[in-house]
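Asker: For the sequence shown, position 69 (counting from the first letter as 1) is numbered 58 according to my numbering, and the numbering increases by one without interruption. Take this structure first; my questions come after.
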Amino acid sequence: MYTFISSKDMAGLKNLRLKFQSVLSLNDPFIANKKVHRSYQETTLSESEFEQALIKVYDNLDPHIKSMVTWEYYLDQAKQNKKKIEPSLIAAKAPPSPLPDASQYAKVCCLRLFPNLQLDTIWERHGENHTGLAIELDTEHEYFTGSRYDALPQIFQAVQYDDLRPPFPSKQMPFPAAFSRPEHAAYEKESRLLRLLQSPDQSEVFKIPKAVIKAIYLGLNCPTALTEEVVQLVKLDLQFRHVKLKQMAVSETHLRLQPLDLADYL
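Encoded structure:
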């Protein structure tokens, strides 16, 4: 999978360090919840809602009572007394899940990873509008698969794309909103590596084993100075001699991006 960095992060990369963003710095409106549209207080149920709520009541009847009353008869009688029954059914409805507490998400940072470099929109949003770099990382390495890093817990997980709000935090999943995105963003197929922030800053830099770095991809509009800097890094630094170097280019036959091998520069 691939993570994106800008020219400002090159100094860290040279020292085998990657910057993790604080979850709050992602500016996710569904974590910040600065302005919330509250569900109106229901006073009536639709026909389907009434039936769905009522069937739960019917299913919980004592067996001997249930054996004497068919569901169809029970529903018909309930409809005749809907105004009397409705308030209790509304009161029994489960309330919405509590919204994420932004202060809790201020404690964690994440490394964002994506599986596909051929999407123009991925480079626009995360690759500095095609001027940055994409780093291919071995996500099968213990750096990602381990449950702890430097004695502290970490979570590596795919983002779930669903318009429903995520469940309330639990011991098994303490930061569910950090792995939840709306359905319309599903094309990104993002995964995130979540760690605790060690400082109050908006980012954290973590050491990464050189074996985890597989390749570097230059953006389509990568500046010449940055290109030369990366070429020299891969060519001269023994820590990066194993790293493949490529640059994105436009396909001659399709409206998609394709990588070019820059081996001739090395």
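The C-beta atom is built at its ideal place from N, Cα and C for all residues, glycine as well.
List the residues that DSSP assigns as beta-bridge partners of Ile197.
Answerer: According to DSSP, which records beta bridges pairwise, Ile197 is partnered with nothing at all.
Asker: Quick test of the definition: if touching needs 3 or more C-beta pairs under 8 Å, does the stretch 192 to 209 touch the stretch 174 to 181?
Answerer: no
Asker: Hey, out of Gln41, Leu106, His119 and Phe133, whose CA is closest to Lys196's CA?
Answerer: The candidate whose alpha carbon is nearest that of Lys196 is Phe133.
Asker: Along the chain, where does the beta strand (DSSP E) containing Tyr176 start, and where does it finish?
Answerer: Counting along the chain, Tyr176 falls outside any beta strand (DSSP E), and DSSP gives it neither H nor E.
Asker: Determine the extent of the alpha helix (DSSP H) in which Gln41 is found, giving its start and end residues.
Answerer: Glu36 to Asp48
Asker: According to DSSP, which residues form a beta bridge with Leu182?
Answerer: Leu100 and Phe145
Asker: The beta strand (DSSP E) that contains Asp65, what's its start and end?
Answerer: Where Asp65 is concerned, there is no enclosing beta strand (DSSP E), although the alpha helix (DSSP H) it sits in stretches over Trp60 to Gln69.
Asker: With 16 other CB atoms within 10 Å as the buried threshold, where does Gln143 fall?
Answerer: buried
Asker: Considering only the beta carbon of each residue, do Arg184 and Phe(-7) sit closer than 8 Å?
Answerer: no
Asker: For a test of the three-state rule: what should DSSP assign to Ser169, helix, strand or coil?
Answerer: strand
Asker: Near Ala42, which residues of its chain fall below 6 Å by C-beta distance, leaving aside the five closest residues on each side in sequence?
Answerer: Leu78
Asker: Give the straight-line distance between the Cα atoms of Met162 and Lys3, rounded to the nearest whole angstrom.
Answerer: When only Cα atoms are considered, Met162 and Lys3 end up about 34 Å apart.
Asker: Roughly how many whole angstroms lie between the Cα atoms of Glu179 and Leu244?
Answerer: 22 Å
Asker: Which of the three DSSP states, helix, strand or coil, is assigned to Thr242?
Answerer: coil
Asker: Shortest alpha-carbon distance to Pro87 belongs to which of Leu153, Leu182 and Leu215?
Answerer: Leu153
Asker: How would you call Arg181, buried or exposed, if buried means at least 16 neighbouring beta carbons within 10 angstroms?
Answerer: buried
Asker: First and last residue of the beta strand (DSSP E) that includes Gln10?
Answerer: Arg6 to Ser11
Asker: Please state if the CB of His119 and the CB of Val201 are separated by a distance shorter than 8 Å.
Answerer: Going by C-beta atoms, Val201 is not nearer than 8 Å to His119.
Asker: Starting from Leu122, trace the beta strand (DSSP E) in both directions and tell me its first and last residue.
Answerer: Leu122 to Leu126
Asker: Assuming Thr110 contacts Met(-10) under a Cβ cut-off of 8 Å, what Cβ separation, rounded to an integer in Å, is found between them?
Answerer: Not confirmed; about 17 Å, so no contact.
Asker: Under 8 Å, do Leu234 and Leu251 count as touching if we go by C-beta distance?
Answerer: yes
Asker: Residues bridged to Pro248 by DSSP?
Answerer: Met237
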